[in-house]
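Residue numbers (my numbering), protein chains in the order written: chain A, 7 to 119; chain B, 191 to 307. Every residue gets a Cβ at the ideal spot worked out from N, C-alpha and C, and that includes glycine. Report on one structure; see the data block that follows.
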Amino acid sequence: AQSVTQPDIHITVSEGASLELRCNYSYGATPYLFWYVQSPGQGLQLLLKYFSGDTLVQGIKGFEAEFKRSQSSFNLRKPSVHWSDAAEYFCAVMGGGSYIPTFGRGTSLIVHP
Amino acid sequence: GAVVSQHPSRVICKSGTSVKIECRSLDFQATTMFWYRQFPKQSLMLMATSNEGSKATYEQGVEKDKFLINHASLTLSTLTVTSAHPEDSSFYICSARGGTSEYNEQFFGPGTRLTVL
Chain A
7 AQSVTQPDIH
17 ITVSEGASLE
27 LRCNYSYGAT
37 PYLFWYVQSP
47 GQGLQLLLKY
57 FSGDTLVQGI
67 KGFEAEFKRS
77 QSSFNLRKPS
87 VHWSDAAEYF
97 CAVMGGGSYI
107 PTFGRGTSLI
117 VHP
Chain B
191 GAVVSQHPSR
201 VICKSGTSVK
211 IECRSLDFQA
221 TTMFWYRQFP
231 KQSLMLMATS
241 NEGSKATYEQ
251 GVEKDKFLIN
261 HASLTLSTLT
271 VTSAHPEDSS
281 FYICSARGGT
291 SEYNEQFFGP
301 GTRLTVL
């Protein structure tokens, strides 16, 4: 069965600084990978996804993520964080005949002015 | 992207009563809908998957007689928490997927905060 680990519960950055949120997955074959963002009291919005092809994926709101098979990672990055990026971020993996994503526990992003 | 709504956004009820939560896909036909439960500072836990016109498939450990799911149309699914107790208090999120491909994007509703007194 697939699983996802987001090792950081909280990440604090200053506005304008760069950001990297970590995600490691466990799955035997090539997984389908996702990053979602959840604002307080809201549902989840898809930021980007990786199914195949170019391992560097561009998403909405200036986010990107890189699939690294050798490290079983799919880290989310943004070169310059805005205060409105403060939210909960979830990494998810799908595969193995299951077409339902398995979510990590989430990383809370705090942005200081 | 497509829009999924949930109603109500918040509900407070007394222990022993039943609560119904609606999930609607506003601008697309949802062939599959999903219900999740989210505890504070934790991930989403899938409760059940439902296809329009079929019985829901519940995840292991989820009581189907307690969490009744109905997906009667391509735009509406309901979750009824029967005989609710304080331990059922949680944030419930639905999502919907259209089309016939399992790789189609899931669109999430804004969630419903249930508090059982």
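Over the uninterrupted beta strand (DSSP E) stretch that includes residue i, give me the two end residues.
{"i": "residue 303 of chain B", "result": "302 to 306"}
{"i": "residue 89 of chain A", "result": "Taken as a continuous stretch (DSSP letters only), residue 89 of chain A belongs to no beta strand (DSSP E), as it is neither H nor E."}
{"i": "residue 207 of chain B", "result": "Where residue 207 of chain B is concerned, there is no enclosing beta strand (DSSP E), given that its DSSP letter is neither H nor E."}
{"i": "residue 56 of chain A", "result": "50 to 56"}
{"i": "residue 118 of chain A", "result": "113 to 118"}
{"i": "residue 45 of chain A", "result": "Careful: residue 45 of chain A lies outside any beta strand (DSSP E) and carries neither H nor E."}
{"i": "residue 26 of chain A", "result": "25 to 27"}
{"i": "residue 9 of chain A", "result": "9 to 11"}
{"i": "residue 275 of chain B", "result": "Careful: residue 275 of chain B lies outside any beta strand (DSSP E) and carries neither H nor E."}
Residues of chain B with CB closer than 8 angstroms to the CB of residue i, please, in chain order.
{"i": "residue 48 of chain A", "result": "300, 301"}
{"i": "residue 106 of chain A", "result": "224, 236, 239"}
{"i": "residue 96 of chain A", "result": "233, 234"}
Per the DSSP calculation, residue i is bridged to which residue(s)?
{"i": "residue 212 of chain B", "result": "B:197, B:268"}
{"i": "residue 287 of chain B", "result": "B:222, B:296"}
{"i": "residue 74 of chain A", "result": "A:79"}
{"i": "residue 63 of chain A", "result": "A:71"}
{"i": "residue 235 of chain B", "result": "B:227"}
{"i": "residue 248 of chain B", "result": "B:238"}
{"i": "residue 33 of chain A", "result": "Per DSSP, none; premise fails for residue 33 of chain A."}
{"i": "residue 84 of chain A", "result": "A:25"}
With distance defined between alpha-carbon atoms, name the residue in the options nearest to residue i.
{"i": "residue 233 of chain B", "options": "A:57, A:101, A:97", "result": "A:97"}
{"i": "residue 196 of chain B", "options": "B:297, B:243, B:245, B:254", "result": "B:297"}
{"i": "residue 78 of chain A", "options": "A:119, A:38, A:19, A:22", "result": "A:38"}
{"i": "residue 257 of chain B", "options": "B:222, B:265, B:244, B:278", "result": "B:278"}
{"i": "residue 58 of chain A", "options": "A:46, A:47, A:80, A:52", "result": "A:80"}
{"i": "residue 84 of chain A", "options": "A:7, A:35, A:62", "result": "A:62"}
{"i": "residue 300 of chain B", "options": "B:289, B:281, B:288", "result": "B:281"}
{"i": "residue 15 of chain A", "options": "A:65, A:118, A:114", "result": "A:114"}
{"i": "residue 55 of chain A", "options": "B:246, B:244, B:304, B:295", "result": "B:295"}
{"i": "residue 9 of chain A", "options": "A:117, A:95, A:110", "result": "A:110"}
{"i": "residue 214 of chain B", "options": "B:269, B:289, B:253", "result": "B:269"}
Going along chain A in order, which residues have a C-beta closer than 7 angstroms to the C-beta of residue i?
{"i": "residue 212 of chain B", "result": "Residues of chain A passing the Cβ test: none, with the nearest at roughly 14 angstroms."}
{"i": "residue 219 of chain B", "result": "Within chain A, no residue comes near residue 219 of chain B; the closest Cβ sits about 18 angstroms away, beyond 7 angstroms."}
{"i": "residue 295 of chain B", "result": "52"}
Check the Cβ of residue i against every Cβ in chain B and list those closer than 9 angstroms, keeping chain order.
{"i": "residue 111 of chain A", "result": "231, 232, 233"}
So with CB distances below 7 angstroms, who are the chain C contacts of residue i?
{"i": "residue 283 of chain B", "result": "Absent from the structure is chain C; the protein chains it does hold are A and B."}
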